[in-house]
Amino acid sequence: MAELPPPPERRWWRRLPGRLERVGGLGAQLRGRFRPGRSLGEELWEETLELLLAADCGAVVAEELVEALRQSAARERWREPAQLLEGLRAEMARRLEGRERGLSLAGDPAVWLVVGVNGSGKTTTVAKLAARLQGQGTASLVAAADTFRAAAGEQLRALLGPLGVGLVAHRPGADPAAVVFDALAAARARGCQVVLVDTAGRLHTKQNLMQELGKVGRVVGSQLPGQPAEVLLTLDAYVGANALSQARVFGEVAGATGVVLTKLDGSARGGYVFQVESELGIPVKLVGTGEGPGDLADFEVAAYLDALLAEEGAPAGGG
Ligand SMILES: Nc1nc2c(ncn2[C@@H]2O[C@H](COP(=O)(O)OP(=O)(O)OP(=O)(O)O)[C@@H](O)[C@H]2O)c(=O)[nH]1
Ligand SMILES: [Mg+2]
55 MAELPPPPER RWWRRLPGRL ERVGGLGAQL RGRFRPGRSL GEELWEETLE
105 LLLAADCGAV VAEELVEALR QSAARERWRE PAQLLEGLRA EMARRLEGRE
155 RGLSLAGDPA VWLVVGVNGS GKTTTVAKLA ARLQGQGTAS LVAAADTFRA
205 AAGEQLRALL GPLGVGLVAH RPGADPAAVV FDALAAARAR GCQVVLVDTA
255 GRLHTKQNLM QELGKVGRVV GSQLPGQPAE VLLTLDAYVG ANALSQARVF
305 GEVAGATGVV LTKLDGSARG GYVFQVESEL GIPVKLVGTG EGPGDLADFE
355 VAAYLDALLA EEGAPAGGG
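Residue numbers for the sequence shown follow my numbering, so the first one is 55 and each next one is one higher.
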């Protein structure tokens with residue numbers, strides 16, 4: 055019997071010891087600036103803006119947050135800088151809350167497409183999702199639709215083998231749409247509830263990308279109206295802002311419904327979630343915190359803001 059991954063820990067940042075210094079750093083630094091007795095003036099707004107920029111919130115979001123804070127301070131007649139931290143948290147929460155972050159299981163089966171630039175963590179995420187679904191007692195099947203990279207099928211076989219999750223793969227160079235077609239038929243025959251589709255990241259041109267993803271999407275839609283239920287865009291947190299424009303192309307072409315922020319364990323981009331959501335307009339649904347099958351967690355707004363604005367480092371205790 056395959057060994058199941060450990061249950062995902064609710065508070066994902068606690069699995070990143072020493073990695074999210076800047077996450078904790080922002081809270082500590084804001085507290086340093088919001089000292090009792092300081093006047094709520096230009097200097098303080100400038101400093102707040104700089105800290106938000108340094109935390110990777112992105113210029114647009116950082117300016118909007120400071121502007122909202124400035125207006126709240128005037129409207130509510132705040133006198134004490136300590137009130138700003140509460141106000142900033144509320145503004146941040148307002149931006150992040152109310153977005154659908156759950157993964158849709160609608161469909162018979164539900165099809166989840168995983169797309170993204172090369173090396174961003176697509177194949178690993180597919181395996182993590184298969185492990186998670188299996189842990190929940192949901193049968194899934196994986197379609198190896200990255201036929202572009204010769205070793206992609208082998209990589210999936212190695213990751214899925216220990217889990218005992220089924221894989222549909224064709225020869226390298228085969229038509230990805232044909233792989234998906236076969237996988238859908240196999241999933242229905244076996245009564246699988248979810249089909250996970252791994253796609254290629256290394257495509258030469260946007261034209262090529264459009265054609266290939268378009269064809270995969272058409273096959274899914276014609277076989278199963280209303281599908282795919284999810285199109286998940288993997289985004290490497292480590293590469294930061296440089297990756298966003300490239301990722302946006304994938305997201306737009308594929309019609310992404312959610313972002314998987316991968317490799318968060320290797321980066322310390324505290325405010326990056328704001329930048330991602332504002333630049334891509336797609337909610338972050340999952341975070342990748344390692345290479346193992348269990349290293350995938352739901353993105354939770356309250357937990358994230360707790361960590362981001364914590365007094366120092368990642369908060370200890372609690373579960
Ligand atoms: N530390 C860490 N490594 C990760 C994470 N997700 C993926 N990786 C690693 O990143 C590398 C690339 O991951 P893949 O899943 O192969 O990426 P991909 O998008 O499928 O790559 P291509 O198919 O070549 O486009 C691998 O070494 C993974 O183990 C994560 O959340 N944390
Ligand atoms: Mg891959």
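Beta carbons: idealized from backbone N, C-alpha and C, even for Gly.
Query                                                                                                                                                                  : Result
Report yes if the CB atom of S332 is closer than 8 Å to the CB atom of V115, and no otherwise.                                                                         : yes
Where does G271 fall in DSSP's three states?                                                                                                                           : helix
Assign T201 to buried or exposed, taking buried as 16 or more other Cβ atoms, counted over all protein chains shown, within 10 Å of its Cβ.                            : buried
CA-CA distance, V355 and L363?                                                                                                                                         : 12 Å
Between the beta-carbon of G312 and the beta-carbon of K339, is there less than 8 Å?                                                                                   : yes
Do S174 and T316 have their CB atoms nearer than 8 Å?                                                                                                                  : yes
Between V248 and P135, which are expected to be in contact by the criterion C-beta below 8 Å, what is the C-beta distance as a whole number of angstroms?              : Their Cβ separation, rounded to whole angstroms, is 49 Å, which puts V248 and P135 out of contact at 8 Å.
Grab me the residues of A56's own chain with a C-beta within less than 6 Å of its C-beta, minus the 5 sequence neighbours each way, in chain order.                    : Residue placement at A56 is poorly supported in this model, since its pLDDT is 49, which falls under 50; the coordinates still yield a value, given next. The answer, listed in chain order, is P216, L217, G218.
Rounded to whole angstroms, what's the CA-CA distance from S93 to N296? Just pull it up for me.                                                                        : 37 Å
Could you tell me if the beta carbon of T288 falls within a distance shorter than 7 Å of some heavy atom in ligand 1?                                                  : yes
Taking the alpha-carbon of T178 as reference, which of A147, L213, G86 has the nearest alpha-carbon?                                                                   : L213
If you compare alpha carbons, which of R256, G191, I336 is closest to L159?                                                                                            : G191
Can you list, in chain order, the residues of its chain with a C-beta nearer than 7 Å to that of Q83? Leave out the 5 residues immediately preceding and following it. : L105
Less than 7 Å separating the Cβ of G346 from some heavy atom of ligand 2?                                                                                              : no
Could you pull out every residue in the same chain whose Cβ sits closer than 8 Å to the Cβ of P90, ignoring the five residues on either side in sequence?              : E134, P135, A136
Secondary structure at D200, three-state DSSP: helix, strand or coil?                                                                                                  : coil
Whole angstroms is fine: what's the gap from L238's alpha carbon to D352's?                                                                                            : 26 Å
Mapping the DSSP letters down to three states, classify E385 as helix, strand or coil.                                                                                 : A query on residue 385 cannot be resolved here, the shown segment of the chain reaching from 55 to 373 and no further.
Using 8 Å for Cβ pairs, my map puts V180 next to L250. What's the rounded Cβ distance?                                                                                 : 5 Å
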